[in-house]
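Note sheet for the following structure.
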Amino acid sequence: MTLVAPSLCAQAQADATALLGRLTKPAGSLGALEDLAVRLAGIERRCPPTPWPAAVAVFAADHGVVASGVTPWPPEVTAQMVSNIAAGGAAISVLARQHGLRLVVVDVGVASAVGATHNVWSHKVRHGSGDLSVGAALTTSEVDAALEVGAEVASRLVSEGSRCLLTGEMGIGNTTPAAAVIAALTGAAPEDCVGRGTGIDDVMLAHKRRIVAAAVARLSEGAQPVAVLAEVGGLEIAALAGYIGAGARAGVSVLLDGVITLAGACVAEALWPGTMQSCVASHRSVEPGASVALAHLGLSPLIDLGMRLGEGSGAATAYPLLVSAARLLGEMATFDGAGITENE
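Taken in order, the sequence shown gives residues 150 to 493; the numbers are from this note's numbering.
So this is what it looks like as structure tokens:
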């Protein structure tokens, strides 16, 4: 899949910076919100930016590596959580309602049958990935298909009016392939990318680290992103990469969630350099791979609340900061307009 990541609009950023200097406040007093406003203007190529309406896509898939004992949760929970999200009972469901986000769940690789509805979109590439502890998780053609799914979802949401795309995922066991992908694409030591996921104990954590290290060791030096995804990745990670890349190409802001999303972001940046210019990191997950990926991508997260749920929950929690940054830029009075004397 060929995409070209757009550059930020320097004129829109200059306009935003100049406008911030005329607003009724001391220079720089809104801190990181000012930087965010300038970034959003550059992404949208206009000042002021309007990152609304917004949508969150939750890509769902199962993972064969669950059979190797990397999580205490049974694989059927993925499909159960898809239903829970769609029915409005999950954390991301609540946050999406609270912040007025459109919410869709995309079945890209759930092992069991999932019925399509208005907010559950069926794009199943296969019924779960292979067990990466014993061999390749996917074929390269399956990776390509999942990348296309993500791009198609992003394009559809943008065509239907979304001006900001949030990332989300659901897949029992998916912190294992995410750690492997991040290690492979950043060059970090696998053990530095593996965390406790849903809360595993020390014994299971050591086992998980061994599995990730062995899987990454199978990759040839300098393996390309599609090859990495095929060997050690997952369908939702591939779909997230396509979604992020297509969102950036469409000229909307892409608000990244936690460690699974960041694995997809590493893929997107490797495939389409410059993609991260259109992305905002929502939060710093406690999963160690998240910090590795953030440093590799050159992203600073907006919040750090010790979150590790996934689903898009961190992105949804941080989304109001984007709205605040844009509205402050667009709706505050200027010194001239308000008749207020400026500091000399």
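For each residue, glycine too, the CB sits at the ideal point set by N, CA and C.
Nearest-angstrom Cα separation, counted from ALA363 out to GLY413: A direct Cα-Cα distance of roughly 21 Å separates GLY413 from ALA363.
Continuous alpha helix (DSSP H) stretch holding THR266: start and end: THR266 -> no alpha helix (DSSP H), and no H or E assigned at all.
contact_flag[the segment 239-251, the segment 335-346] where n(CB pairs < 8 Å) is 3 or more: The segment 239-251, when compared against the segment 335-346, does not touch it at the 8 Å Cβ threshold.
For THR410, the three-state DSSP class (helix, strand or coil): THR410: helix per DSSP, three-state reduction.
ARG398 versus ASN233: straight-line alpha-carbon distance, rounded: In a straight line, the C-alpha of ARG398 is about 32 Å away from that of ASN233.
N-terminal and C-terminal residue of the alpha helix (DSSP H) that ARG194 is part of: Neither: ARG194 is in no alpha helix (DSSP H) and is coded neither H nor E.
Assigned exposure category for THR266 - 16 Cβ within 10 Å defines buried: THR266 is exposed by the Cβ-count criterion.
Strand pairing of SER271, partner residues [DSSP]: DSSP links SER271 through a beta bridge to ASP256.
Local conformation of ARG433 per DSSP, three classes: DSSP places ARG433 in coil when its eight states are reduced to three.
Same chain, Cβ closer than 8 Å to ILE360, five either side skipped, listed in chain order: Within the same chain, VAL214, SER217, VAL219, LEU281, SER282 and THR325 come within 8 Å of ILE360 by CB-CB distance, once the 5 residues on both sides are set aside.
Reference TRP201, options MET425, ILE489, ALA474 and ALA487, closest by Cα: The candidate whose alpha carbon is nearest that of TRP201 is ALA474.
C-alpha gap between SER440 and GLY396, whole angstroms: Straight-line Cα distance between these residues: approximately 23 Å.
LEU315 and TYR468 closer than 8 Å at C-beta: Contact: yes.
ALA236 burial status per 10 Å Cβ neighbour count (16 or more: buried): Classification for ALA236: exposed.
Same chain, Cβ closer than 8 Å to GLY447, five either side skipped, listed in chain order: Once the five neighbours on either side are set aside, the close Cβ partners of GLY447 are MET425.
Range covered by the beta strand (DSSP E) that runs through THR316: THR316 -> beta strand (DSSP E) spans 313-319.
Three-state secondary structure assigned by DSSP to THR166: It is helical.
For GLY455 and ARG275, the rounded distance between their alpha carbons: Near 33 Å, if we compare the C-alpha coordinates of GLY455 and ARG275.
Backbone secondary structure at ALA467 - three-state DSSP: When DSSP states are grouped into helix, strand and coil, ALA467 belongs to the helix group.
Pair within 8 Å by beta-carbon distance, VAL231 and VAL269: For VAL231 and VAL269, yes; Cβs fall inside 8 Å.
Environment of ILE192 [buried if 16+ CB atoms lie within 10 Å]: So ILE192 ends up on the buried side.
Where THR453 falls, given that 16 or more other Cβ within 10 Å makes a residue buried: Note that residue 453 is Asp in the sequence shown, not Thr. Result: exposed.
Buried versus exposed call for GLU380 [16 or more other C-beta atoms within 10 Å across all chains shown]: GLU380 should be labelled buried.
Burial state of PRO175, where buried means 16 or more other Cβ atoms lie within 10 Å: PRO175 comes out exposed.
As assigned by DSSP and simplified to three states, the class of THR288: Residue state, collapsed to three classes: coil.
Exposed unless 16 or more other CB atoms sit within 10 angstroms - verdict on ASP211: The residue is buried, with at least 16 neighbouring Cβ atoms inside 10 Å.
First and last residue of the uninterrupted beta strand (DSSP E) at LEU378: The continuous stretches of beta strand (DSSP E) do not include LEU378, which lies in the alpha helix (DSSP H) extending over residues 374-381.
Proximity winner among SER242, ALA419 and GLY279, relative to VAL375 (alpha-carbon distances): Minimum Cα distance to VAL375 is reached at ALA419.
Unbroken stretches of the beta strand (DSSP E), 3 residues or longer, contained in the segment 294-369: If only complete runs of 3 or more residues are kept, the segment 294-369 shows the beta strand (DSSP E) at 313-319, in order along the chain.
The alpha helix (DSSP H) enclosing SER402, as first and last residue numbers: Boundaries around SER402 are those of the beta strand (DSSP E), 402-405, since no alpha helix (DSSP H) includes it.
Where ALA482 sits in the DSSP three-state scheme: In the structure shown, ALA482 sits in coil (DSSP, three-state: anything other than H, G, I, E or B).
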